[in-house]
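At the far end of the sequence shown sits residue 93, using my numbering, and the numbering has no gaps.
Here the structure is laid out as structure tokens; the discussion comes afterwards.
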Amino acid sequence: MARASARHILVKTEEQCNSLKSEIENGASFAEIAQQHSLCPSGKQGGDLGEFGRGQMVKEFDTVVFSAPVGEVQGPVKTQFGYHLVEVTKRSD
């Protein structure tokens, strides 16, 4: 079964999501941005969600995690919770 590890940043607006993505692309630390801005409790751990299998996360999130290149920040990804920046840190098929 496919497994992945990922980290994410959850915010309320697409605008904020795009702004934070620009900061990360310009050299800001993903983990520090997650700690400062993420609405998810995982923000305290730099956005780290640990390892999980396909189908364990909401559909939109799951689709990105199991298709995006490892180590590349994706987003904004809209879910019922808000807007996410997602980085797959490891994946095994």
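Even for Gly, the Cβ is constructed at its ideal location relative to N, Cα and C.
Remember, it's a predicted structure, so these values are computed and weren't measured experimentally.
Exercise for review: Could you tell me which residues DSSP puts in a beta bridge with residue 79?
Suggested key: According to DSSP, residue 79 bridges with 82.
Review point. With residue 5 and residue 89 assumed to form a contact (beta carbons below 8 angstroms), what rounded beta-carbon distance in angstroms separates them?
Key: Yes, they are in contact, since the Cβ atoms of residue 5 and residue 89 sit about 5 angstroms apart, within 8 angstroms.
Point to revise | Span separating the alpha-carbon of residue 58 from that of residue 77 | key: For residue 58 and residue 77, the distance between alpha carbons rounds to 11 angstroms.
Practice item. Evaluate contact between the region 21-34 and the region 55-72, counting only Cβ atoms and requiring at least three cross-stretch pairs below 8 angstroms. Key: Flag = no, the region 21-34 and the region 55-72 do not touch.
Check your understanding: What is the DSSP secondary structure of residue 88, counted as helix, strand or coil?
Key -> The answer is strand: DSSP assigns residue 88 an E or B state.
Exercise for review: Using the Cα positions of residue 46 and residue 2, report the straight-line distance between them to the nearest angstrom.
Suggested key: Distance between the alpha carbons of residue 46 and residue 2 is about 24 angstroms.
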